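A.B. asks:
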Amino acid sequence: MLEIKGLNKSFGSNLVLKDINLDIEGNKIYGLLGRNGAGKTTLLNLISSQLIRNSGDIKYQGEEIFENSKAIEDMCLVKPLPESSKDKKVRDIFTMARLMYKNWDESYKEQLISEFNLNTNKRLQKLSAGNKTIVGLIIGLASRAKLTIFDEPTLGLDAAMRYMFYNSLLKDYETNPRTVIISTHLIDELANLFEEVIILNSNMITLKDEVSNLRERSYFLSGNGDIVNEIVKNRKILYREELGSTMIVGIYDNLSENEKREIRSRNIEISTIPLQKLFVFLTEGTLGEVM
Numbered sequence: 011m012l013e014i015k016g017l018n019k020s021f022g023s024n025l026v027l028k029d030i031n032l033d034i035e036g037n038k039i040y041g042l043l044g045r046n047g048a049g050k051t052t053l054l055n056l057i058s059s060q061l062i063r064n065s066g067d068i069k070y071q072g073e074e075i076f077e078n079s080k081a082i083e084d085m086c087l088v089k090p091l092p093e094s095s096k097d098k099k100v101r102d103i104f105t106m107a108r109l110m111y112k113n114w115d116e117s118y119k120e121q122l123i124s125e126f127n128l129n130t131n132k133r134l135q136k137l138s139a140g141n142k143t144i145v146g147l148i149i150g151l152a153s154r155a156k157l158t159i160f161d162e163p164t165l166g167l168d169a170a171m172r173y174m175f176y177n178s179l180l181k182d183y184e185t186n187p188r189t190v191i192i193s194t195h196l197i198d199e200l201a202n203l204f205e206e207v208i209i210l211n212s213n214m215i216t217l218k219d220e221v222s223n224l225r226e227r228s229y230f231l232s233g234n235g236d237i238v239n240e241i242v243k244n245r246k247i248l249y250r251e252e253l254g255s256t257m258i259v260g261i262y263d264n265l266s267e268n269e270k271r272e273i274r275s276r277n278i279e280i281s282t283i284p285l286q287k288l289f290v291f292l293t294e295g296t297l298g299e300v301m
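The sequence shown begins at 11 in my numbering and counts up one residue at a time.
(1) Just confirm the distance between the C-beta atoms of Tyr-262 and Arg-225, as a whole number of angstroms; I'd bet it's less than 8 Å.
(2) Report, in whole angstroms, the separation of the C-beta atoms of Tyr-183 and Ile-39, which I expect to be a contact under 8 Å.
(3) If Asn-213 and Lys-28 are in contact, beta carbons under 8 Å, what's the gap, nearest whole angstrom?
(4) Helix, strand or coil for Met-11? Go by DSSP, reduced to three states.
(5) Going straight from the alpha carbon of Phe-21 to that of Ile-30, what length do you get?
(6) Going by DSSP, what residues sit across from Arg-214 in a beta bridge?
(7) Please report the residue range of the alpha helix (DSSP H) in which Lys-28 lies.
(8) From Ile-82 to Lys-156, what distance separates their C-alpha atoms?
(9) How many Å lie between Gln-121 and Ile-208 at the Cα?
(10) I need the DSSP call for Tyr-118, collapsed to helix, strand or coil.
(11) Is the distance from the Cβ of Asp-115 to the Cβ of Arg-154 below 7 Å?
(12) Determine the direct distance from the alpha carbon of Gly-150 to that of Met-110, and round the result to whole angstroms.
(13) Evaluate the contact criterion for the region 128-138 versus the region 169-180: three or more CB pairs, one atom per stretch, below 8 Å.
(14) According to DSSP, is Phe-76 helix, strand or coil?
(15) As a quick exercise: from Ile-68, Cys-86 and Val-259, pick the residue whose alpha carbon is nearest that of Asn-113.
(16) Which of helix, strand or coil does DSSP assign to Gly-66?
Listed below in structure tokens is the structure:
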């Protein structure tokens, strides 16, 4: 669906993205993760043609994306609405969105307005921060765009509203599949939503993998420190903590069933790293050392 090769982007002397190579498949939910300043928003703006790259290729359905009206019609980037919209009434903002997106679902928009209890007669600037965010989320969901991108989609929302959005997205995705990319810091809340994750670190993509594969390759080992150190030698270590003679180590590596039996026979406990903790480890800046 989307193919990126050799993508580079700088702002003056500041290199933001370096040699990005990425394939995005159709009808899948991706999590785009990384620390502040990793380049997530820049990458999303490049994909949606809101920035000009320094070099590299971005192709949608095999065609160059820049100034490609067909590609733009299939995309919706959800981010804070521009200042130019602040004086507009919410209902007029939705009217403009309906004209922009060819797969727009008006009845679904009305349903979402009711579920989120949004007053569309107010001007955007009169809304709370959370309700401004909801306007963008409704546009993203009702656009039914083939590629829908949410950049930090839950800013200003309380927990109830965040989970309402997650449930709305999943429910609609089941009946109206599309490709979704979500950039977020709320890893613990969204971990089970993602089918695949992309991690940006030090201006580069350091990991892209199915969540199911990540689950099968991430383990905590805990027990006698000397034995644990011997077992994890030459393995990819994400986390290490010493508690007296006991050591807890998080690894990202394959363990066969025979290896697991051997490890347990040495009184070392093995457990799967919860996804939210794994993603935090993988975005803390250590990934380049272990991958």
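For each residue, glycine too, the CB sits at the ideal point set by N, CA and C.
Remember, it's a predicted structure, so these values are computed and weren't measured experimentally.
C.D. replies: Quick look at the numbers:
(1) Contact flag wrong, Cβ pair sits at about 11 Å.
(2) 7 Å
(3) 4 Å
(4) coil
(5) 16 Å
(6) In the sequence as presented, Arg is not what sits at residue 214; that position holds Met. Its beta-bridge partners are Asn-211.
(7) Element bounds for Lys-28: not the alpha helix (DSSP H) but the beta strand (DSSP E), 24-34.
(8) 10 Å
(9) 32 Å
(10) helix
(11) yes
(12) 12 Å
(13) no
(14) coil
(15) Cys-86
(16) strand
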